[in-house]
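Novice:
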Amino acid sequence: MGFHTYIMASRRNGTLYTGSTDSLIVRAWQHRTHMRPASFTAKHDVGLLVWFEAHESRAGAFKRERQIKKWNRQWKLRLIEEMNPGWHDLFDRLEP
1 MGFHTYIMAS RRNGTLYTGS TDSLIVRAWQ HRTHMRPASF TAKHDVGLLV WFEAHESRAG
61 AFKRERQIKK WNRQWKLRLI EEMNPGWHDL FDRLEP
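In my numbering, the protein residues as written are 1 to 96.
Right, dumping it as structure tokens:
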């Protein structure tokens, strides 16, 4: 499993959400299924896992999340495009 920082999107160039977790499969599934209807991701239909990065520790993943959240939108889009130029949903590529 490990620790991850990730970006979810509503669609290509759509609404973005950045987070960190110790279980990327579970957390991405929660976003995709809008498990919490009042959440930001549910309200904005954010369900595509478009970028993620592994970390050695929870603190490292959280630090990277905070760093990315401070970035402007263009920097975030560039980060996604570098890893996933087609904006494919990476959820199905995750291994349990």
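The beta carbon of each residue, even a glycine, is placed where N, CA and C say it ideally should be.
(1) Under three-state DSSP, which class holds N54?
(2) Could you tell me the distance, in whole angstroms, from the CA atom of D22 to the CA atom of H55?
(3) Provide the residue span of the alpha helix (DSSP H) that contains T21, from first to last.
(4) With DSSP as the reference, please indicate the residues paired to M8 in a beta bridge.
(5) Can you check which of these residues, R93, D92, D45, F62, is closest to R11 by C-alpha distance?
(6) Under the DSSP definition of a beta bridge, which residues are partnered with F3?
Specialist: In brief:
(1) First, the residue type needs correcting, since residue 54 is Ala and not Asn in the sequence shown. Correct three-state label for A54: strand.
(2) 9 Å
(3) From DSSP, T21 is part of no alpha helix (DSSP H) but of the beta strand (DSSP E) over 16-21.
(4) Y17, L49
(5) D45
(6) The partner list for F3 (beta bridge, DSSP) reads H55.
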